[in-house]
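Just so we're aligned, residue -4 is where the sequence shown starts under the working numbering, counting upward by one. In this text, a Cβ means the ideal position worked out from N, Cα and C, and glycines have one as well.
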Amino acid sequence: MNRGSGDLQVVDYLNVDVGHAGWDAVTFGNVLDMATGIGDNLPEPDSFEIYANESGPSFRNFYLAPTTAGKLDAALSERYYP
């Protein structure tokens, strides 16, 4: 089977330890779809609360972080969903 770049798993290319099960199955396609399972939105999969994650401290910390490492720390400090 020939896999496209969207089907490639992130852990095969980036050394990022998010500290929860499920990350090893996240693909670049999931990242582009904003479906990595990390975030602070409502845990209901059909939630239409699109701005739920844009007022908390981790959101501000992410955008104010001047380095890639700082942005990763802020992004991965969020809770996760299975």
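**Report entry** Between the CA atoms of F57 and G1 - distance to the nearest angstrom
**Finding:** 24 Å
Report task. Just the C-alpha distance for V21 and H15, rounded to the nearest angstrom, thanks. Result -> 12 Å
Query - Residue from Q4, G(-1) and L9 with nearest C-alpha to T138 - result: Limits of the chain in this structure are -4 at one end and 77 at the other, which puts residue 138 out of reach.
Query raised in the report: When we look at the beta-carbon of V13 and count the other beta-carbons within 10 Å, is it buried (16 or more) or exposed?
Result: buried
Query raised in the report: For T62, which three-state DSSP category applies?
Result: coil
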